[in-house]
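One structure below.
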Amino acid sequence: MTIYFRIALFVWLIFGGGLGLAREGPPAAAIASAHPLATQAGHEVLAAGGNAFDAAVAVSAALAVVEPYSSGLGGGGFWLLHLAKEGTDVMLDGRERAPLAATARMYLDETGALIQGASIDGPLAAAIPGQPAALAHLAEHYGRLSLAKTLAPAMGYAREGFEVDKPYRRRAAFRLPVLKRWPAAGQVFLADGKVPVLGARIKQPALAATLEALAQRGAAGFYQGPVAEALVAGVRAAGGIWSREDLAQYQVVERAPVRGQYRGFKIISASPPSSGGIALLTMLNILAEEDLSTLPAATRTHLIIEAMRRAYRDRAQYLGDPDFVDVPVQRLTHPYYGAGLRAGIRLDRATSSADLPGIQSQDSGPHTTHFSVIDREGNRVAATLSINYPFGSGFMPPGTGVLLNDEMDDFAAAPGVPNVYGLIGSQANAIAPGKRPLSSMTPTFVENEQGVLVLGTPGGSRIITMVLLGVLEHVAGADLTHLVSQPRFHHQYFPDEVEYEPQAFAGELVKDLQALGHSLSPRERPWGNMQAVFWDRARKRVKAASDPRGVGEAVVR
């Protein structure tokens with residue numbers, strides 16, 4: 026054996042596959058997002074030499090312009106990253122923070138009752154945004170291109186406008202009163218105080234200027250200087266409690282994702298202050314010992330519902346911002362814990378949520394966005410972004426073009442008091458200055474030797490259960506198109522009912538579930554907008570799929 030052959034063999038073993046330390050990248054790049062213009066922006070950046078992280082900046086910023094009811098510079102999110110060269114994963118936490126002047130009782134009256142609308146509408150409902158800082162962090166630490174290049178498509182959409190579609194009109198009609206209440210927002214998103222007609226162009230020159238400041242100065246262009254001054258002045262003039270110190274103190278946090286296994290698949294998902302990854306792994310651990318494909322439909326659905334119920338109970342009891350509370354991540358995600366919860370499930374009867382120990386509800390619509398990206402090197406991003414309720418708080422500080430979130434509603438205003446999505450919480454998710462509210466956003470990677478799935482969805486409290494159903498379908502071998510389009514069902518502990526989309530429970534399944542004691546609540550309107558890409562290593566191809574419930578676009582190039 027010649028020295029040259031030995032060297033060639035060594036190189037092949039290390040880099041070609043013998044030791045599995047490196048593998049060939051995908052044959053194509055793919056992006057699935059909730060809007061065609063955002064998907065286009067991401068591919069433009071990839072074509073200009075950017076990587077998946079550059080594309081993530083472009084897609085995030087574009088969605089902030091063309092989906093103002095879902096996300097924006099006035100909101101935040103979680104970006105789950107995989108760095109192909111290093112073989113590592115990191116979660117970028119760009120979640121909003123409570124203002125430093127926030128108090129635990131700020132949305133309660135003298136009697137301790139919730140002040141209706143106070144945590145949803147107007148500047149008092151807004152937490153300090155994290156998305157601008159996250160985009161700057163992505164560009165600086167992971168991208169190849171400048172912010173000026175990656176934000177260019179979004180700036181163009183803001184200046185030139187985008188066309189109003191049916192989803193825009195539906196959500197603008199839903200939030201019409203609050204948009205009319207605040208002139209700066211109404212002037213941008215309405216037409217003479219009314220919902221714009223289909224095809225009308227929404228132009229946002231002030232937002233373009235704010236994006237330009239971010240492109241030129243990075244995070245400082247938003248959190249310091251003229252933009253910061255205008256944000257704080259506008260919020261305080263309208264009764265909010267922001268300060269310049271709130272903006273100056275904001276920092277993105279890099280966190281380790283939560284990890285687990287399900288029937289031979291690696292699961293990597295969002296960690297606290299998202300509840301998504303922990304709840305997802307809890308549910309999968311409860312179901313892990315069952316071969317769901319062999320069970321009758323009623324038994325299979327019953328077990329999934331009971332897993333949902335128990336995971337959401339834990340969400341309400343234990344989860345919050347890990348910088349403020351001790352979240353028992355290892356215990357809640359351990360297979361033994363899931364097995365213990367499974368032991369309490371009866372196959373012949375539904376559990377009453379009131380019979381589970383823990384916090385109880387005091388009570389007898391929603392939107393976010395998601396995109397998935399993979400590049401030809403194998404870098405990937407699953408990102409779920411939000412301003413919470415459609416059009417967030419409805420408030421825009423004059424001159425900024427920035428529509429503010431109402432993420433303060435994601436805190437537990439008081440133990441057991443449900444938020445706008447019906448979710449309840451405990452002291453772990455109580456309001457505190459500088460604290461990040463608990464989230465349901467669940468950007469996720471699912472991986473085995475055959476391939477890598479990147480997925481996520483908007484949908485408020487239903488996000489986690491949608492991702493669960495998507496993972497279960499993927500493990501069962503479902504096609505990607507079916508995975509994002511399947512009818513869905515949901516249980517979140519309280520209210521103690523099973524919501525389900527049309528066609529989710531066919532034939533006798535409704536009667537069978539009712540006979541087990543489940544309270545069923547059919548919904549006329551479907552929910553969610555899942556975006557997924559799949560690198561099929563075995564077949565050496567890449568697929569992408571966008572939920573037919575929305576107007577998104579999935580493109581492989």
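Heads up, the sequence shown is in our numbering, so the first residue is 26 and it goes up one at a time. A virtual CB, placed ideally from N, CA and C, is assigned to each residue, including glycine.
Which word fits Ile145, buried or exposed, when buried means at least 16 other C-beta atoms lie within 10 angstroms of its C-beta? buried
Can you pull the DSSP bridge partners for Glu279? Leu117
Where Gly274 falls: helix, strand or coil (DSSP): Contrary to the premise, residue 274 reads as Gln rather than Gly in this sequence. Helix at Gln274.
Would you list, in sequence order, the uninterrupted alpha helix (DSSP H) runs of no fewer than 4 residues that lie entirely inside the stretch 277-351? 301-312, 322-343
With a threshold of 6 Å on Cβ separation, who are the neighbours of Gly50 within its own chain once the five nearest residues in sequence on each side are excluded? Arg401, Glu402, Gly403
Compare the Cα-Cα distances from His166 to each of Asp79, Thr409, Val576 and report the closest residue. Asp79
For my contact list, Phe485 and Ser465 are in at a C-beta cut-off of 8 Å; report their separation, rounded to the angstrom. Checking the sequence shown, residue 485 turns out to be Gly, not Phe. Indeed, because the Cβ distance is near 7 Å, the residues count as touching under 8 Å.
Would you kindly work out how many angstroms separate the C-alpha atoms of Gly168 and His543, rounded to a whole number? 49 Å
Pull up the distance between the alpha-carbon of Ile412 and that of Val189, whole angstroms please. 19 Å
In chain order, what residues of the same chain lie with their CB nearer than 6 Å to the CB of Leu34, ignoring the 5 residues before and after it? With a pLDDT of 38 at Leu34, under the threshold of 50, the predicted position of this residue should be treated as unreliable, and no value is reported.
Specify whether the stretch 122-136 and the stretch 145-158 touch according to this definition: at least 3 beta carbon pairs, one from each stretch, less than 8 Å apart. yes
Straight-line Cα distance separating Ser397 from Val257: 33 Å
How should Gly147 be labelled, buried or exposed, when 16 other C-beta atoms within 10 angstroms of its C-beta is the threshold for buried? buried
Could you check how far apart the C-beta atoms of Leu463 and Pro298 are, in whole angstroms? I think they sit under 8 Å. 6 Å
Helix, strand or coil at His395 [DSSP, three-state]: strand
Specify, as a first and last residue, the run of the alpha helix (DSSP H) that Ala231 falls within. 230-242
So, for Val220: in the same chain, excluding its five sequence neighbours on each side, which residues have a beta-carbon less than 6 Å away from its beta-carbon? Arg194, Ala197, Ala198
On the three-state DSSP scale, how would you describe Leu139? strand
Can you tell me whether Lys191 is buried or exposed, with buried defined as 16 or more other CB within 10 angstroms of its CB? exposed
Close beta carbons around Ile330, own chain, < 6 Å, minus the five adjacent residues each side: His516, Val523
What residue does the beta strand (DSSP E) around Tyr248 start on, and which one ends it? Note, Tyr248: premise wrong, no beta strand (DSSP E); alpha helix (DSSP H) at 245-248.
Length of the line joining the Cα atoms of Pro458 and Glu498: 41 Å
Residue-level contact to chain D via CB, Ala304, 7 Å cutoff: Of the chains in the structure shown, none is chain D; there is only one protein chain.
Have a look at Ala83 and Ser171 and give me their C-alpha separation to the nearest angstrom. 11 Å
Please report the Cβ distance between Ala557 and Leu505, rounded to the nearest whole angstrom; I am assuming they are in contact, meaning their Cβ atoms lie under 8 Å. 6 Å
Among Glu111, Leu106, Leu108, Ala59, which one has its Cα closest to the Cα of Ala86? Ala59
What's the C-alpha gap between Glu549 and Ala89? 28 Å
Spatial neighbours of Asn473 within its chain, please: CB distance less than 8 Å, with the 5 preceding and 5 following residues excluded, ordered by chain position. Gly289, Phe290, Lys291
Measuring straight from C-alpha to C-alpha, what distance separates Gly246 and Ile370? 53 Å
If you drop the 5 nearest sequence neighbours on each side, which residues of the same chain put their C-beta closer than 8 Å to that of Glu270? Leu125
Quick one: residues in its chain with C-beta nearer than 7 Å to the C-beta of Ser377, no 5 flanking neighbours on either side, listed in chain order? Asp521
Residues that DSSP places opposite Leu215 in a beta bridge: For Leu215, which the question treats as bridged, DSSP gives no partner whatsoever.
Looking at C-alpha atoms only, which residue of Gly532, Val406, Gln511, Met555 is the closest neighbour of Leu117? Val406
State yes or no: is the C-beta of Leu317 within less than 7 Å of the C-beta of Gly285? no
Taking Cβ positions, are Ala5 and Val581 nearer each other than 7 Å? Beyond the ends of the chain as shown, which are 26 and 582, falls residue 5; an answer cannot be given.
Classify Asp388: buried if its beta carbon has 16 or more other beta carbons within 10 angstroms, exposed otherwise. Legend: pLDDT at Asp388 = 33, less than 50; position of this residue unreliable, no value from coordinates given.
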